[in-house]
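Enquirer: Take this structure, written in structure tokens, and hold onto it; I'll ask about it next.
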Amino acid sequence: MSMPQPAGLPPWEQICAYFPERLRMACLALPASQVQDAEEIRLRTGQPIAVTRGGRPYLLTAGGLSLFPGPGQPGIRVTAGELSTCLRALTRASLFAVEDQLLQGFLTLPGGHRVGIGGMFFLDRDGRAGVRHISSLNLRLHRPLPGAAGAVLPFLWPDPGHRPFSALILSPPGAGKTTLLRELARRLSYGDPAAGRVPLRVGIVDERGEISGPADGVPTFDLGPHSDVVLGLPKGRAFLHLLRSLAPDVVVLDELGQAQEEEVLEQAAASGVSLLASAHAATAAEARCRPGLRRLLSGGAFQRLVILDSLDGPGSLAAVLDGEDRVLYLRPGSQGRKPFAEPPLRQSGRNLR
Amino acid sequence: MMLLKALGALGVVAGGTLAGWLARQRVIRRPRDLEDLRAALHMMETEVGYALTPLPSAMEGVGRRVGGTAGDLLTTAGRILGRNPAAGGSAAWRHAVHLVRGSLSLNNADLLIVDQLFAYLGDTGREDQLKHLQLAQSRLLRQEEEARRQQAAYGRLYFYLGFAGGAALALLLW
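Going down the list, the protein sequences come from chains L and D.
Mapping of the first sequence onto this note's numbering: residues 1 to 353, in sequence order.
Mapping of the second sequence onto this note's numbering: residues 1 to 174, in sequence order.
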């Protein structure tokens, strides 16, 4: 197996390039119709390869993907050795170098795909976590969402004479928040002469490299000519660094979660820059269940809430609210649902249907 | 005829002496190569534990800084690992040893220590990597001490044995 060279290949083949020969051949043998909408591939030691499509976990068998493989359809099982080989290819034989990223959530691969791990962890005497043994890998395929930012941007920056509104993008995991953030950062950085939008200096806080997909510290995604990325620092510190050193007009940051980060953002909301952030929540009501986010929302840190789901595939725009929960946009046919109060019945492709 | 026999005998003696000299050079070079290898692993500790440099780049960079046979070996192994990380550090190390085998003063026991290190290197977390690197250094230090004793005891001996062996063979063939 040679070093994967994923650029230029379709997302499915980019991911399969990291697999050992036997698994790669089995995955590449699947018809395009079964993999073009694949969202995840999971490798678990001793278990068949699982492929998530449309929120449903299929198993890879000799006959293709199946939800309930029969006795005559043996699954393509992953051995411990194959999992190790795959992990080496994904980490460039350097688990130690990406251990912190994996422990914080995901390792981002060139191309924007993400790798999550399951297995045995430990805490040392100082409370530092480490990885002892990895038994499962979750490879989330990245697919661009062309045009996703185009639908959102008029709500975020309706008046080119003023700076864009600060916005919080909400969705369950896997619904395209990061991809939308990346696309928005790129559009703001390039500007739009047709709409009278001048290019803005965009600062991107990218703790785990999920927005920029870096290779050796250099973004592999086009984030525009006026974007600066701060990688590897916790969000709070990275944000302060951006403000002091790089003077951005807009700061982009992904997946708010920790209370300390939200405290910094609370102060940052009044610092004269626009914020574009994202958080895991299906509705505004769910977001308000988290104390840090509740404080930010009630403190007026965000003037727009963008709610995504996977109803029409990842990145579907469900609703846009203003800072006081007034609906500015609701997906046609969604009347009766209250994006700011109750989670819609089928909010995510991950829900069982 | 006599002249030819004398030239042949001289050749046999010279050959024996050369073999003894080469064996002596290996004995002299081994402690230095082991010291370089140990220094390289010490530098790797910084690269792995603090700079979090990916293993192939760390090996290549440290190898270039250390230089010599040990440095060349590490640089070559790093390059091989960079091309095929899925095969793992141990396979890359063995491949590199195979490529430079002829110029090595290190013996199998020395090489096995690094081989065993590379079987783990890259596959576990930072703390574990540091422990393995430190363990390998202490094992190499013991090898180095033993190599220095051998150098003091047998360095000249190999040279004289080569010369004497060559002379004895020449006499037997006369």
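Beta carbons are placed, not taken as given, at the ideal position from N, Cα and C, and that holds for glycine.
#1: With three or more C-beta pairs closer than 8 Å as the rule, is the region 15 to 29 of chain D touching the region 46 to 58 of chain D?
#2: So with CB distances below 7 Å, who are the chain L contacts of residue 48(D)?
#3: Please classify residue 122(L): is it buried, with 16 or more other beta-carbons within 10 angstroms of its beta-carbon, or exposed?
#4: Who are residue 329(L)'s beta bridge partners in DSSP?
#5: Alpha helix (DSSP H) containing residue 113(D): first to last residue?
#6: Can you tell me whether residue 113(L) is helix, strand or coil according to DSSP?
#7: Go through its chain and collect everything with a Cβ distance to residue 125(L)'s Cβ below 6 Å, but skip five positions before and after it.
#8: Of the choices 33(D), 56(D), 154(D) and 40(D), whose alpha-carbon is the least far from that of residue 134(D)?
#9: In the structure shown, what three-state DSSP assignment does residue 348(L) receive?
#10: Along the region 199 to 223 of chain L, what residues have a CB closer than 7 Å to any CB found in chain D?
#11: Just the C-alpha distance for residue 208(L) and residue 53(D), rounded to the nearest angstrom, thanks.
#12: To the nearest angstrom, report how far apart residue 90(L) and residue 99(L) are at their CA atoms.
#13: Could you give the distance in angstroms between the alpha-carbon of residue 220(L) and the alpha-carbon of residue 130(L)?
#14: Could you check how far apart the C-beta atoms of residue 275(L) and residue 268(L) are, in whole angstroms? I think they sit under 8 Å.
#15: Going by Cα to Cα distance, which pick from 114(L), 229(L) and 331(L) is closest to residue 18(L)?
#16: Residue 234(L) versus chain D: which residues are under 8 Å apart at the beta carbon?
#17: Taking only the alpha-carbon atoms, compute the straight-line gap between residue 162(D) and residue 6(D) and give it to the nearest angstrom.
#18: Please confirm whether residue 131(L) has its beta-carbon closer than 9 Å to some beta-carbon of chain D.
#19: Where DSSP assigns a beta bridge to residue 1(D), which residues make up the other side?
#20: Just the chain D side, please: which residues come within less than 9 Å of residue 92(L) by C-beta, in chain order?
#21: Restricting to runs no shorter than 4 residues, where is the alpha helix (DSSP H) found entirely within the region 4 to 91 of chain L?
#22: Under a CB-based cut-off of 9 Å, is residue 13(L) close to chain D?
#23: Quick one, which of 118(D), 1(D), 18(D) and 8(D) has its alpha-carbon nearest residue 137(D)'s?
#24: Quick one, which residues of the region 61 to 89 of chain L are near chain D if we go by CB-CB under 9 Å, in chain order?
#25: On a Cα-Cα basis, can you pick out the residue from 137(L), 81(L), 128(L) and 83(L) that is closest to residue 108(L)?
#26: Which residues in chain D sit within 8 Å of residue 124(L), going by Cβ to Cβ distance?
#27: Could you tell me the distance, in whole angstroms, from the CA atom of residue 84(D) to the CA atom of residue 48(L)?
#28: Go to residue 100(D), then tell me how far its alpha helix (DSSP H) extends in each direction, as first and last residue.
#29: Quick check: the Cα distance between residue 70(D) and residue 120(D), rounded to an integer number of angstroms?
#30: How many Å lie between residue 100(D) and residue 153(D) at the Cα?
#31: What in chain L is Cβ-close to residue 61(D), meaning under 9 Å?
#32: Per the contact definition of three or more C-beta pairs closer than 8 Å, is the region 143 to 162 of chain L in contact with the region 42 to 56 of chain L?
#33: Alpha carbon to alpha carbon, how far is residue 345(L) from residue 301(L)?
Expert: Looking at the atomic coordinates:
#1: no
#2: 96
#3: exposed
#4: 320(L)
#5: 108 to 118
#6: coil
#7: none
#8: 40(D)
#9: Any reading at residue 348(L) needs caution, since the residue's pLDDT is 41, under 50, leaving its predicted position unreliable; the model's value is listed next. Note: residue 348(L) maps to coil in three-state DSSP.
#10: none
#11: 16 Å
#12: 12 Å
#13: 28 Å
#14: 7 Å
#15: 114(L)
#16: Ordered by position in chain D, no residue passes the 8 Å Cβ test against residue 234(L), which lies about 16 Å from the chain.
#17: 19 Å
#18: yes
#19: Partner(s): none; residue 1(D) has no beta bridge.
#20: 54, 55, 56, 57, 81, 82, 85 and 122
#21: 11 to 16, 21 to 28, 32 to 35 and 80 to 91
#22: no
#23: 118(D)
#24: 84, 85, 86, 87, 88 and 89
#25: 137(L)
#26: 127
#27: 25 Å
#28: 89 to 100
#29: 19 Å
#30: 27 Å
#31: Chain L residues near residue 61(D): none, gap ~13 Å exceeds 9 Å.
#32: no
#33: Per-residue confidence for residue 345(L) stands at a pLDDT of 41, beneath the threshold of 50, marking its modelled position as unreliable; no derived number is given.
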